[in-house]
Amino acid sequence: MDRDKVRLSREQSLCPCKSREIYGLCCGPFHSAKSFPETAEQLMRSRYSAYFFRLLDYLVDTTHPDVKTPALREELERTIDSAKWIFLTILKTSKGQAGDKAGKVEFAADFYHDGEIKTLRAHSRFRRFKGLWKYVDDKG
Ligand SMILES: [Zn+2]
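Structural data, given as C-alpha cells:
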C-alpha cells in the first residue's frame with residue numbers, strides 16, 4: 216500500500232485518544248505541529264495518542280524542560296513497546312484551560328502488558344512553557 220493511502224486512512228480513522236473524533240480533526244494537527252493544544256486535557260489526549268502511534272519526538276517535545284532529562288528519548292525508545300494502549304478515560308480535570316498556567320488531568324488508561332489487561336490510574340500535571348502546554352509528571 217502506498218504511504219499516502221496509509222496516511223489518509225489514519226487521518227480519517229477515529230482518534231486513538233477515544234474522543235470519538237477523527238484523528239485528522241483531533242490529535243493529528245498537534246502531532247504535525249499544525250496547531251497546539253489549548254487545554255491540558257488536549258495535550259494529555261495527544262500524548263496518549265502519541266504513545267499509541269510511537270511518536271517519540273512528540274513525547275519529548277511536549278515534556279516540560281524542567282523535568283526533561285537528556286536520556287528521555289532513549290528511555291522512551293526502550294520502554295514504549297512494553298505496553299499496548301487500549302483505552303483512555305479522562306476522569307476529571309482541574310484548571311488547565313485556555314487562561315490557566317497549570318493544570319491537572321485525572322485519567323484511567325487501559326493497556327495490554329505481558330498477556331494481561333491492566334489499568335493505569337493517575338493524575339498528570341501540566342504547566343505552560345513559552346505559552347504552550349507541557350507535561351510535568353504523574354501522581355498515582
Ligand atoms: Zn485525539
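Residues 216 to 355 in the working numbering are what the sequence shown spells out, letter by letter.
Glycine is no exception: its CB is placed at the ideal position from the N, C-alpha and C atoms.
Quantities reported herein were computed from a predicted structural model and do not represent experimental measurements.
In this structure, V282 is the residue among D315, V282, D325 and D329 with its C-alpha nearest to the C-alpha of V351. Distance from the C-beta of S234 to the nearest heavy atom of ligand 1 is below 6 Å. With a cut-off of 6 Å, the C-beta of S264 is classified as near ligand 1, since at least one heavy atom of the ligand falls inside that distance. Relative to the Cα of V275, the nearest Cα in the group L291, R260 and F268 belongs to L291. Distance between Q227 and E236, taken at the CA atoms: about 9 Å. For the pair E321 and K310, the CB atoms are not nearer than the 7 Å cut-off.
For E253, the CB contacts under 7 Å within the same chain, skipping 5 residues up- and downstream, are A313 in chain order. Note on geometry: alpha-carbon atoms of S264 and S297 lie some 16 Å from one another. Across the structure, T278 and W348 are spaced so that their CA atoms are roughly 9 Å apart. Of the residues assessed, R336 falls on the exposed side of the cut-off, its CB having fewer than 16 other CB atoms within 10 angstroms. Our two residues, P285 and L271, have alpha carbons roughly 14 Å apart in a direct line. Closer than 6 Å to some heavy atom of ligand 1: that describes the Cβ of R260. Under the DSSP assignment, D325 falls in the beta strand (DSSP E) whose first and last residues are A317 to H328.
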